[in-house]
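Chemist: Here the working numbering is used: the first residue of the sequence shown is 6, the next is one more, and so on.
Below you will find the structure I want to go over with you.
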Amino acid sequence: MRTDRHQYFLDLAHRCAHQGTCLRRNFGAIIVDEYNTIVSTGYTGAPRKQVDCTELKRCWRKDHAVPSGSNYEKCRSVHAEMNALLQAGKLARGCTLYLAGYEVDTGELTQIWPCFLCSKMIVNAGVGTIIMRTGPATYEEIDPVVLYQKRSREALGE
Numbered sequence: 006m007r008t009d010r011h012q013y014f015l016d017l018a019h020r021c022a023h024q025g026t027c028l029r030r031n032f033g034a035i036i037v038d039e040y041n042t043i044v045s046t047g048y049t050g051a052p053r054k055q056v057d058c059t060e061l062k063r064c065w066r067k068d069h070a071v072p073s074g075s076n077y078e079k080c081r082s083v084h085a086e087m088n089a090l091l092q093a094g095k096l097a098r099g100c101t102l103y104l105a106g107y108e109v110d111t112g113e114l115t116q117i118w119p120c121f122l123c124s125k126m127i128v129n130a131g132v133g134t135i136i137m138r139t140g141p142a143t144y145e146e147i148d149p150v151v152l153y154q155k156r157s158r159e160a161l162g163e
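Laid out in structure tokens, this is it:
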């Protein structure tokens with residue numbers, strides 16, 4: 006039996022997440038156009054040709070118990086969404102971004118929506134929809150502008 010297309014692309018995003026090099030949590034992102042063609046993929050990892058946390062066997066944010074959602078400037082990794090957007094370029098306009106992640110320590114799915122910086126990049130890239138895996142067979146859809154507005158209020162205390 007065929008899976009529905011959202012589950013199919015979320016399964017691929019989850020597989021991409023397993024390429025990640027973060028020691029806390031890894032995400033995979035897939036950008037898909039209106040014809041259900043994959044435009045680009047991305048996963049959490051250090052910039053090209055740079056040492057990553059798995060090679061170092063340590064994570065500064067983990068070592069210092071930095072809470073999720075803060076101090077990303079102290080992280081070696083580029084987020085999966087950013088990597089996928091960088092590879093897609095202008096082709097991301099009007100596309101759907103599929104996102105799936107898991108906690109490295111437990112292997113459990115994580116349901117953290119894109120951060121404030123990623124939400125700004127997603128809106129500027131012109132992505133039409135974000136679909137986030139929320140469980141093994143469940144997902145939620147959100148408009149990127151709505152996500153940006155939510156993240157903006159959180160970041161700016163409004």
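All residues carry an ideal CB built from backbone N, CA and C; glycine is no exception.
Since this is a predicted model, take the numbers as computed values, not measurements.
Measuring only the C-alpha atoms, how far is G112 from G162?
Modeler: On the sequence shown, residue 112 is found 107 positions in, with the first residue counted as 1. On the sequence shown, residue 162 is found 157 positions in, with the first residue counted as 1. C-alpha separation (whole angstroms): 32 Å.
Chemist: Flag this pair as yes or no: are the beta carbons of A85 and T49 separated by less than 8 Å?
Modeler: If you number the sequence shown from 1, residue 85 lands on position 80. If you number the sequence shown from 1, residue 49 lands on position 44. Yes, the pair counts as a contact, with Cβ atoms nearer than the cut-off.
Chemist: Check each candidate in C27, R66 and T101 and name the one with the smallest Cα separation from P1.
Modeler: Missing from the structure shown is residue 1; the chain here goes from 6 to 163 and no further.
Chemist: At the level of alpha carbons, what is the spacing between P119 and T42?
Modeler: The sequence position of residue 119 within the sequence shown is 114, counting from 1. The sequence position of residue 42 within the sequence shown is 37, counting from 1. Between P119 and T42, the C-alpha separation is close to 22 Å.
Chemist: Can you pull the DSSP bridge partners for S45?
Modeler: By one-based count along the sequence shown, residue 45 stands at place 40. Paired residue(s): I36.
Chemist: Just the Cα atoms here: how many angstroms apart are R20 and L61?
Modeler: For the purposes of this step, residue 20 is identified with residue 15 of the sequence shown, where counting begins at 1. For the purposes of this step, residue 61 is identified with residue 56 of the sequence shown, where counting begins at 1. Using only the alpha carbons, I get a separation of about 23 Å.
Chemist: If we ignore side chains and look at the alpha-carbon of each, how far apart do C58 and S82 end up?
Modeler: Within the sequence shown, numbered from 1, the residue matching residue 58 stands at position 53. Within the sequence shown, numbered from 1, the residue matching residue 82 stands at position 77. So the alpha carbons of these two residues sit roughly 8 Å apart.
Chemist: Please name the residue, chosen from T26, L28 and F32, that lies closest to R138 on a Cα-to-Cα basis.
Modeler: Within the sequence shown, residue 138 is the residue found at index 133, counting from 1. Comparing Cα positions, the closest option is F32.
Chemist: Where M126 and Y153 are concerned, what is the direct C-alpha to C-alpha distance, given to the nearest angstrom?
Modeler: In the sequence shown, the residue the question calls residue 126 occupies position 121. In the sequence shown, the residue the question calls residue 153 occupies position 148. Those two C-alpha atoms are separated by around 9 Å.
Chemist: Which residue spans inside the segment 74-146 form an unbroken beta strand (DSSP E) run of at least 3?
Modeler: Counting only runs of 3 or more, we get 101-108 and 134-140.
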